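Below: the structure, in structure tokens.
In the numbering used here, the protein residues as written are 42 to 265.
Right under this line is the structure:
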């Protein structure tokens with residue numbers, strides 16, 4: 042086998058691996074976007090409890106706010122002004138810090154494209170094991186010259202997998218927080234239900250005359 046054949050086989054193997062990497066990339070990008078959407082839904086659940094309103098109304102309000110950092114800030118303020126929930130605010134602040142960091146990658150998933158990488162020639166000429174940028178990476182368009190787009194390095198498959206893992210861990214912490222909030226949210230409704238039940242039981246034990254008296258009607262007599 043001559044050198045050209047060896048190089049051709051290496052190039053074919055490289056291109057096959059590159060294609061598989063691209064497929065893995067698109068799969069994990071989809072997984073990341075879906076996981077982030079579920080996380081946003083969980084934040085609406087938290088907001089609904091803090092606002093003492095329905096999920097539909099809280100969702101309408103929050104999904105109408107385009108800035109995700111505003112979501113985090115509003116929820117933090119809602120924790121602060123409600124004495125029932127304020128002891129849980131430090132837990133939320135820790136979650137919000139994680140989400141702010143993860144949001145940079147989430148923005149890249151939504152707005153950046155998969156670049157082709159440096160390709161086989163760079164791979165063949167490399168003298169070390171640093172193959173960063175050789176294979177496809179997620180990066181801003183060449184015309185997106187904003188500082189916030191250029192301050193982050195291109196996202197490789199390993200970084201994206203780390204994002205998925207950290208988002209999953211953060212989602213678990215959000216679920217733990219909602220589990221602690223739910224009893225606080227339900228307690229006033231539980232007390233009201235118990236009060237209504239007690240009143241109904243008391244009414245059931247009254248005579249018709251006593252019920253009429255409670256209504257303010259004059260008692261009935263046998264005279265007629």
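Beta carbons are placed, not taken as given, at the ideal position from N, Cα and C, and that holds for glycine. Given the structure is predicted, the values throughout are model-derived calculations rather than measurements.
(message) In the DSSP assignment, the beta strand (DSSP E) including residue 156 goes from what residue to what residue?
(response) 154 to 156
(request) Report yes or no: do the region 183 to 190 and the region 73 to 82 share at least 3 C-beta pairs separated by less than 8 Å? (result) no
(message) Is the beta carbon of residue 86 closer than 8 Å to that of residue 219?
(response) yes
(message) Going residue by residue through the region 122 to 158, where are the continuous alpha helix (DSSP H) segments of at least 4 residues, counting only ones entirely within it?
(response) 130 to 152
(request) Grab the span of the alpha helix (DSSP H) containing residue 283 for me, first residue to last. (result) For the chain, the structure presents residues 42 to 265; residue 283 sits outside this window and is missing.
(request) Let me know the secondary structure DSSP gives residue 219 once reduced to three states. (result) helix
(message) Tell me the DSSP secondary structure of residue 196 in three-state form.
(response) strand
(message) What does the alpha-carbon distance come out to for the pair residue 61 and residue 204?
(response) 20 Å
(message) I'd like the ranges of any alpha helix (DSSP H) spanning at least 4 consecutive residues and lying wholly in the region 52 to 99.
(response) none
(request) Ignore the nearest five residues each way along the sequence and tell me which others in residue 69's own chain have a CB closer than 8 Å to its CB. (result) 198, 201, 202, 205
(request) Mark residue 120 as exposed unless 16 or more other C-beta atoms lie within 10 angstroms of its C-beta, in which case mark it buried. (result) buried
(request) With DSSP as the reference, label residue 201 as helix, strand or coil. (result) helix
(message) So, for residue 150: in the same chain, excluding its five sequence neighbours on each side, which residues have a beta-carbon less than 7 Å away from its beta-carbon?
(response) 70, 73, 74
(request) Assign residue 131 to one of two classes, buried (16 or more other C-beta atoms within 10 Å of its C-beta) or exposed (fewer than that). (result) exposed
(request) Helix, strand or coil for residue 179, going by three-state DSSP, please let me know. (result) strand
(request) Give every residue of the same chain whose Cβ lies closer than 6 Å to the Cβ of residue 96, excluding the five residues on either side of it in the sequence, and list them in chain order. (result) 89
(request) Look at residue 129 and residue 222 and say whether their C-beta atoms are less than 8 Å apart. (result) yes
(request) Measure the Cβ-Cβ separation of residue 116 and residue 215 and say whether it is below 8 Å. (result) no
(request) Work out the CA separation of residue 228 and residue 110 for me, nearest whole Å. (result) 30 Å
(message) Just verifying my parser: in three-state terms, what is the DSSP assignment at residue 187?
(response) coil
(message) Taking the alpha carbon of residue 182 as the reference point, which residue from 152, 108, 217, 209 has its own alpha carbon closest?
(response) 152
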